[in-house]
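*Asks:* In my numbering, the protein residues as written are 2 to 634.
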Amino acid sequence: MFWKFNYHQVSAIDSILCKENVTIEEVLDEDDVLQECKAQNTKLIEFLSRPTSIEAMVNYIVNEPSEDVDEKSRFKYPSTSCEILTCDVFSITENLVKEPALTEKLWSFLDNESPLNPLLASFFSKTVGILLKRNTEATFNYLCGHDGVVNTILKHFNTSAIMDLLMRLVTCTENPQLKFAILKWLDEESLITKLILLINPAIESEMHSYASQVLCDIIRQGRERLPTMVDSELHDPLLRTIERQETVQLLIENMLQETNGERCDSAIVSGIQVLLAMIDLRRTSEQLEDASVIIDTKEFAEVDNEIQGIIPRLRDLTDLLKSPPRRQAMRTTAGLLQPPLGNVRLHVAKLVSALLLTNVHAVNVELAKLGTLELLWDLFFKYSWNNFLHLHVEQCIVTILTNTPNEEDGARVSPLINTLFQNCRILEKIVDNWEDNEKETANPHGQRGGHMGYLTRIANTVATRLERGPNKEILQSYCDYTDLAEDIHGRWDQFISGSLKETNKRNAIELVKPTNSGTSSISDEDDFPRAVTGNLPKIYNHYQMSDLGPSMIDKLSYDEDEFQDDDECLKAHYDALEDVKFKIDVQDSMNSANIFEERCNEKMAAFDETTEDVWEEREFSITSESHELVSFY
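(1) Alpha helix (DSSP H) containing Gly310: first to last residue?
(2) Within the 8 Å Cβ cut-off, does Val361 reach chain D?
(3) Excluding five sequence neighbours on each side, which residues of the same chain lie with their C-beta closer than 8 Å to the C-beta of Lys323?
(4) Considering Ala122, what are the terminal residues of the alpha helix (DSSP H) in which it resides?
(5) Tell me whether Ile596 is buried or exposed, calling it buried when 16 or more other Cβ atoms sit within 10 Å of its Cβ.
(6) For Leu337, count the other beta carbons within 10 Å of its own beta carbon; 16 or more makes it buried, fewer makes it exposed. Which is it?
(7) Under the three-state reduction of DSSP, which class applies to Gly411: helix, strand or coil?
(8) Using a Cβ-Cβ cut-off of 8 Å (strictly less than) and excluding sequence neighbours within five positions of Ile14, which residues of its own chain qualify?
(9) Can you look up Gly336 in the DSSP assignment and give me helix, strand or coil?
(10) Please give the ranges of any alpha helix (DSSP H) in the region 136–207, keeping only runs that are unbroken, at least 4 residues long and fully inside the region.
(11) Check for me: the alpha helix (DSSP H) holding Leu421 runs from which residue to which?
(12) Going by alpha carbons, who is nearest to Lys99 out of Arg51, Ser109, Leu456?
(13) According to DSSP, is Arg600 part of a helix, a strand, or is it coil?
(14) For Tyr455, which residues from the same chain have a beta carbon less than 6 Å from its beta carbon, with the 5 sequence-adjacent residues on both sides left out?
(15) Taking the alpha carbon of Ile200 as the reference point, which residue from Glu244, Leu187, Gln214 has its own alpha carbon closest?
(16) At 3 residues or longer, and completely inside the region 333–394: list those beta strand (DSSP E) runs for me, N to C.
(17) Look up Thr260 in the DSSP assignment and say whether it is helix, strand or coil.
(18) Using 10 angstroms around the beta-carbon of Thr160, count the other beta-carbons present and answer buried if the total reaches 16, otherwise exposed.
(19) If we call anything under 8 Å between Cβ atoms a contact, is Leu239 one with Gly262?
(20) Looking only at DSSP bridge pairs, what is Met331 linked to?
(21) What separation, rounded to the nearest whole angstrom, lies between the Cα atoms of Gly519 and Gln495?
(22) Do Met58 and Val17 count as a contact pair if the criterion is CB distance below 8 Å?
(23) Pick out whichever of Pro340, Ile131, Asn407, Asp437 has its Cα sitting closest to the Cα of Ala363.
(24) With 16 other CB atoms within 10 Å as the buried threshold, where does Gln423 fall?
(25) Report the rounded CA-to-CA distance for Thr53 versus Thr174, giving the unit in angstroms.
(26) Would you be able to state if there are at least three C-beta pairs under 8 Å between the region 250–261 and the region 183–202?
(27) Rounded to a whole number of angstroms, what is the C-alpha to C-alpha distance between Lys156 and Ser115?
(28) What three-state label does DSSP hand Ile14 in the structure shown?
(29) For Ile219, which residues from the same chain have a beta carbon less than 6 Å from its beta carbon, with the 5 sequence-adjacent residues on both sides left out?
(30) In or out: Gln274 buried (at least 16 other Cβ within 10 Å) or exposed?
(31) In whole angstroms, what separates the C-alpha of Asp410 from that of Leu318?
(32) Work out the CA separation of Met208 and Glu105 for me, nearest whole Å.
(33) Report, in whole angstroms, the separation of the C-beta atoms of Leu166 and Val129, which I expect to be a contact under 8 Å.
(34) From which residue to which residue does the alpha helix (DSSP H) around Cys38 run?
(35) CA-CA distance, Gly450 and Asn434?
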């Protein structure tokens, strides 16, 4: 009936468009306008592709409405206009880019004073994003023809949507030549330098975070593209700029500047995050703990410029561990922190851990000379409940004990191992702290230190590296050093074989041994091989192995690959059961029909002998003992 009369529902949009002098507001009022647009409604798309319609929708996106207008004009019309402009309809985006006046009007949104309306900024960023994706070359040509576009974008960088717009500009196309042209233009506009200058204490903290995030994304995406770059001339110009030694020094100089005699937390943290992205090595803790993994300095040839730029400022970074930006005392459930560790010192510890992974000799020598490791080791015990710090300190120690020794005048040296055993006195410190913790926990009101888990891991790492690893000889020579306390060797050996061994045993995960819960009477003394009986399906456990003949064993000797959750495999097993012959007594077979009835009669006999009625009402007396039991509960 439906097809016979060719019945179909007429869209409300079509009815509106049939009217004369229809306005864009009438179309935007319809709830299904977006759905009809995505469904390629020809009449609707023709109306929306008109320059006048596009201009009206752009006006709703870039012009902030006054507060006295209705909610439709303030919220619905801008939102629906943005969705239509970004629904990826070719004629709409093509006409928007093709008309210079419309493009000028769209980008005029950045001419507004800061701060921008965050809702309109998101609409603007989303609309420009679709133009960069679908009309990349035309949009890029427009940007190149207008000076100061990058400065205008950075002026509103405290709006998150504008930051997203900049990243869309960096990642807008996969065409190698066009991408290189865009990145080169951004580099000529000094984008990297301008972003670094935003990480300055004189600028608001939101700018620090946004600039740091964009710089980190540029580094990561640039390095991810390196393996796919066939032509070296098309390498990322922004990445080349940010990896220069001068750029690293400019970043550190800016983030360490003082305002009114104080350094800024957010500027330092944001700057360190960029440094970490520069020297990111992507090594896991499992690789570090594996003595067979040797860290090769060839891996760090590409980040040598960044490391050389950091080394001269290691003293300033180490001073942050001793004199961080001032923070108010913080009361926690573990007590009063005066002062707290702070995000700055935590990020410095993370940066030191990453620098140690590079195993650059100049870095190791400088850190040993500055006493950086001793400061971190002291903070490890001072802030006993900060596991974030403990993790980075542990990684530092593991890296030092695992790194391949450096060559100096033909000898294998490791200056930081010397620091660990002589200046940090790591063996003595571990044993002393362990004994103090045992005394504390022996007290009824005592509490185990929050750092003891990491201290256990560090002790195990030291004990393991003393026995094997690339620094075995160096470590043993320092253990025999005469300046160590006379009794530390005996105390350490006693600690390893005593408290640490017991702790490791207590922390060990014991695998559950499989148990045979079936009714089979097979034992280890049976004549049948375990290779055969171990592969028997559970369905065969109902039968005695003594009843199975040789032919039965042959049929059950399947390979392990046959026991998979595959329908054909399961069918093969059940087909095999059809040919299995069991040894069953004929007399037992004849009486098998009465087994169930006999067992039921045996069970019912116990109830027949009972003369008492279990449902009869009785009087109960409560004794003193039962009264006490009730009172107890």
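Ideal placement from N, C-alpha and C gives every residue a C-beta, glycine not left out. Everything numeric in this text was worked out from a predicted model, so none of it was measured.
*Replies:* Taking the geometry as given:
(1) Counting from one through the sequence shown, the residue named residue 310 turns up at place 309. Its alpha helix (DSSP H) spans residues 305–311.
(2) Looking at the structure shown, chain D is missing, and only one protein chain is on hand.
(3) Locating residue 323 in the sequence shown gives position 322, counting from the first residue. Leu376.
(4) Start at 1 with the first residue of the sequence shown, and residue 122 comes out as number 121. Segment 119–135, the alpha helix (DSSP H) holding Ala122.
(5) Here residue 596 is taken as the residue at index 595 of the sequence shown, counted from 1. Ile596 is exposed by the Cβ-count criterion.
(6) Here residue 337 corresponds to residue number 336 of the sequence shown, with the count starting at 1. Exposed is the call here.
(7) Taking the sequence shown and counting its residues from 1, one reaches residue 411 at position 410. Reduced to three states, the DSSP call for Gly411 is coil.
(8) Numbered from 1 along the sequence shown, position 13 holds the residue referred to as residue 14. Closer than 8 Å at the Cβ level, and outside the excluded window around Ile14, lie Val28, Glu31, Asp33, Val34, Glu37, Asn42, Lys44, Leu45.
(9) One-based indexing of the sequence shown puts residue 336 at position 335. Reduced to three states, the DSSP call for Gly336 is strand.
(10) 137–145, 150–156, 161–171, 177–189, 192–199
(11) Taking the sequence shown and counting its residues from 1, one reaches residue 421 at position 420. Per DSSP, Leu421 belongs to no alpha helix (DSSP H) and is neither H nor E.
(12) For the purposes of this step, residue 99 is identified with residue 98 of the sequence shown, where counting begins at 1. Out of Arg51, Ser109, Leu456, Arg51 has the C-alpha closest to the C-alpha of Lys99.
(13) Translated into positions along the sequence shown, residue 600 becomes position 599. It is helical.
(14) Your numbering for residue 455 matches position 454 in the sequence shown. Once the five neighbours on either side are set aside, the close Cβ partners of Tyr455 are His391, Glu395.
(15) The count along the sequence shown starts at 1 and reaches residue 200 at position 199. Out of Glu244, Leu187, Gln214, Gln214 has the C-alpha closest to the C-alpha of Ile200.
(16) 336–338
(17) Along the sequence shown, one-based indexing puts residue 260 at 259. Correct three-state label for Thr260: strand.
(18) Reading the sequence shown from its first residue, position 159 is the one you call residue 160. Answer is buried; the Cβ neighbour count reaches 16.
(19) Translated into the one-based positions of the sequence shown, residue 239 becomes position 238. Translated into the one-based positions of the sequence shown, residue 262 becomes position 261. For Leu239 and Gly262, no; Cβs fall outside 8 Å.
(20) On the sequence shown, position 330 is the one that residue 331 refers to. DSSP output for Met331 lists Leu338 as bridge partner(s).
(21) Counting from one through the sequence shown, the residue named residue 519 turns up at place 518. Counting from one through the sequence shown, the residue named residue 495 turns up at place 494. Note that Gly519 scores 47 on pLDDT, short of 50, meaning its location in the model is unreliable; the coordinates nonetheless yield the value given after this. Answer to the nearest angstrom: the Cα atoms are 47 Å apart.
(22) As a working mapping, residue 17 is identified with position 16 in the sequence shown. As a working mapping, residue 58 is identified with position 57 in the sequence shown. It should be pointed out that residue 17 corresponds to Ile in this sequence rather than to Val. Not a contact, by the Cβ cut-off of 8 Å.
(23) Taking the sequence shown and counting its residues from 1, one reaches residue 363 at position 362. Measuring from the Cα of Ala363, the nearest candidate turns out to be Asn407.
(24) The residue you call residue 423 lines up with position 422 of the sequence shown. It counts as exposed.
(25) As a working note, residue 53 is residue 52 in the sequence shown. As a working note, residue 174 is residue 173 in the sequence shown. Answer to the nearest angstrom: the Cα atoms are 30 Å apart.
(26) yes
(27) Here residue 156 refers to the residue found at position 155 when the sequence shown is read from its first residue. Here residue 115 refers to the residue found at position 114 when the sequence shown is read from its first residue. Using only the alpha carbons, I get a separation of about 8 Å.
(28) Translated into the one-based positions of the sequence shown, residue 14 becomes position 13. Three-state result, Ile14: helix.
(29) As a first step, residue 219 is located in the sequence shown; it is residue number 218 there, counting from the start. Excluding residues within five positions, the ones whose Cβ falls inside 6 Å are Leu239.
(30) Here the question's residue 274 lines up with position 273 in the sequence shown. Buried, by the Cβ-count rule.
(31) Looking up residue 410 in the sequence shown gives position 409. Looking up residue 318 in the sequence shown gives position 317. Cα to Cα, Asp410 sits roughly 29 Å from Leu318.
(32) Within the sequence shown, numbered from 1, the residue matching residue 105 stands at position 104. Within the sequence shown, numbered from 1, the residue matching residue 208 stands at position 207. Roughly 27 Å separates the two Cα atoms.
(33) Walking along the sequence shown from the start, residue 166 turns up at place 165. Walking along the sequence shown from the start, residue 129 turns up at place 128. 6 Å between Cβ atoms; contact.
(34) Start at 1 with the first residue of the sequence shown, and residue 38 comes out as number 37. Where Cys38 is concerned, the enclosing alpha helix (DSSP H) stretches over 34–39.
(35) For the purposes of this step, residue 450 is taken as residue 449 along the sequence shown, with counting starting at 1. For the purposes of this step, residue 434 is taken as residue 433 along the sequence shown, with counting starting at 1. The straight-line gap from Cα to Cα measures roughly 10 Å.
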